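One gets the numbering used here by counting positions in the sequence shown from 1 and adding 29 to each. Where a beta carbon is used, it is the ideal one built from N, C-alpha and C, also for glycine. The model shown is predicted, which means the values in this text are computed figures rather than measured ones.
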Amino acid sequence: MPTQIKYFIRSFFILFLLVGAQVAHANSGKAFSIQGTATINDEPLSLETEIKEGDIIKTAEGSAVKIIMQDKTVLDIQEKTSFKITKYAYNKDAPDEGNSSFSLLEGTFRYISGLIAKKDPTKVKFSAGTATIGIRGTFTTIGYDGTEVSAGSSIGETTINFADGSSLKVTAGQTGSFNFSTGRSSVGATTSADSIGAAALAIAADPENAAAALAGMSQAEATLVMAAIMNNTAQLNVSPAALTTIVSKAVAANPAMAVGLAYVAGALNGSSAITNAISANAPPAAKAAIEAAANQGTKLEPAPSTGSESQFPLRTGIEGEGEGETKAKAKGDPILPGGSPLDTETFISITEEANS
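Written out as structure tokens, the structure is:
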């Protein structure tokens with residue numbers, strides 16, 4: 030075979046591999062927080078693992094995994110959950126062609142919409158049992174125990190569609206459920222606000238109160254609140270200046286979250302102003318680590334390990350009980366596992382203000 034032909038074939042093969050690697054990278058995500066025990070396709074899940082179409086993620090009791098996909102979708106897979114990335118296709122150079130679908134086999138997860146949904150919400154689908162869930166909102170919690178599916182919306186609208194053509198529509202501040210055994214369904218005001226959504230709404234309404242709104246949360250939970258705000262600045266009417274204030278207040282009160290937050294901010298926001306705000310309110314010795322984490326997030330490289338949750342000692346564990354929760358229980362206010370003590374009336378008031 031002539032040398033020129035050999036060279037052409039070899040070059041084409043190398044180009045094919047490089048393009049394939051870029052496509053694979055574009056159609057994937059990374060975990061930025063792993064608490065407890067989690068697996069992917071029955072193998073241990075780590076921060077280095079590439080999460081892609083076809084993968085099944087499982088969490089043990091007391092465990093949780095928080096993921097950022099390439100289109101900035103954020104998934105919070107909670108304890109005792111089995112979750113599948115059924116389909117995921119995204120290329121930043123052709124965002125209109127992106128689409129994704131996810132299957133909740135059992136358990137609970139939170140969803141913060143990314144660029145695919147913001148471009149066209151019909152291109153993002155969830156399934157639980159025989160129900161298909163369409164999300165036009167940007168922050169939703171979905172649960173499925175094998176018999177009943179539920180969806181609670183903190184920001185926006187969620188619709189649960191069934192095989193017979195019927196559906197349940199759940200708007201912000203509401204929760205809807207359907208029992209496959211009895212056929213009974215319901216939609217009504219959320220009886221206990223989701224801790225992450227409630228904190229995001231409260232902080233958006235009053236950026237100066239960011240530290241107080243995050244009190245009692247673990248480091249991972251507080252970072253997830255920031256992710257919810259960063260992905261919903263338009264919906265929550267949060268200006269760039271307000272976002273800088275929010276980040277500054279949060280890190281000043283809880284400097285242990287600085288590196289992890291820098292990674293998430295790099296992935297979701299990419300603004301040097303946010304990275305600078307994090308650095309300005311963290312210990313000087315952490316500056317290099319913060320800048321490196323932000324750069325890793327921008328490229329969606331493996332997240333830096335931020336150490337034990339004990340570094341953020343305001344509350345321990347996913348279902349820990351802080352002082353505020355104890356007081357709320359004494360008053361009789363309902364609280365979800367790992368939730369915040371925010372009564373229904375306050376939550377609905379904040380929700381209506383944010384969505385008005």
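I need the DSSP call for residue i, collapsed to helix, strand or coil.
i      : result
Glu350 : Residue placement at Glu350 is poorly supported in this model, since its pLDDT is 36, which falls under 50; the coordinates are not used for a value here.
Asp105 : strand
Thr115 : strand
Glu135 : strand
Met246 : coil
Gly197 : The residue asked about is misnamed: residue 197 is Leu in this sequence, not Gly. Here Leu197 sits in strand by DSSP.
Thr327 : helix
Glu72  : strand
Thr274 : helix
Ala291 : helix
Ser224 : helix
Thr262 : coil
Lys121 : coil
Val280 : helix
Asn298 : coil
Thr345 : In this prediction, Thr345 has a pLDDT of 29, which is less than 50 and means its spatial position is unreliable; nothing more can be read from the coordinates.
In whole angstroms, give me the CA-to-CA distance for residue i and residue j.
i      : j      : result
Lys152 : Ser182 : 19 Å
Thr170 : Ala257 : 12 Å
Lys356 : Met246 : For Lys356, the predicted structure reports a pLDDT of 38, less than 50, and the residue's modelled location is therefore unreliable. The matter cannot be settled from this model.
Gly172 : Lys95  : 16 Å
Leu243 : Thr66  : 25 Å
Glu14  : Asp71  : Residue coverage of the chain in this structure runs from 30 to 385, which leaves residue 14 outside it and unanswerable.
Asp100 : Lys148 : 11 Å
Lys154 : Asn260 : 19 Å
Ser206 : Arg165 : 17 Å
Asp235 : Ala241 : 10 Å
Ala218 : Thr187 : 14 Å
Pro269 : Thr68  : 37 Å
Val199 : Thr220 : 14 Å
Report back the beta-carbon spacing between residue i and residue j to the nearest angstrom; my notes put them in contact at under 8 Å.
i      : j      : result
Phe168 : Ile141 : 6 Å
Ser130 : Thr115 : 4 Å
Asn56  : Tyr119 : 6 Å
Please find out if some non-hydrogen atom of the ligand NAP comes closer than 7 Å to the beta-carbon of residue i.
i      : result
Ala229 : As for the ligand NAP, it is missing from this structure, which has no ligand bound.
Please confirm if residue i has its CB atom under 8 Å from at least one CB of chain C.
i      : result
Asp105 : Protein chains in the displayed structure number just one, and chain C is not present.
For the structure I just gave you, are there three or more beta carbon pairs, one from the stretch 128–136 and one from the stretch 243–253, closer than 8 Å? Short answer: they don't touch.
At least three beta-carbon pairs within less than 8 Å, the stretch 284–303 to the stretch 315–323: Yes, since at least three Cβ pairs between the stretch 284–303 and the stretch 315–323 fall closer than 8 Å, the two stretches touch.
For the stretch 69–85 and the stretch 272–282, state whether three or more C-beta atom pairs, one from each stretch, are separated by less than 8 Å. When Cβ pairs closer than 8 Å are counted between the two stretches, the stretch 69–85 is seen not to touch the stretch 272–282, the count staying below three.
Taking 8 Å as the cut-off, does the stretch 174–188 touch the stretch 226–236 (at least 3 CB pairs, one atom from each stretch)? Between the stretch 226–236 and the stretch 174–188, the count of C-beta pairs closer than 8 Å reaches three or more; the two stretches touch.
Give, in chain order, every unbroken run of the beta strand (DSSP E) that is at least 3 residues long and sits entirely within the stretch 127–177. Counting whole runs of 3 or more residues, the stretch 127–177 contains the beta strand (DSSP E) stretches 128–141, 153–157, 160–164 and 168–173.
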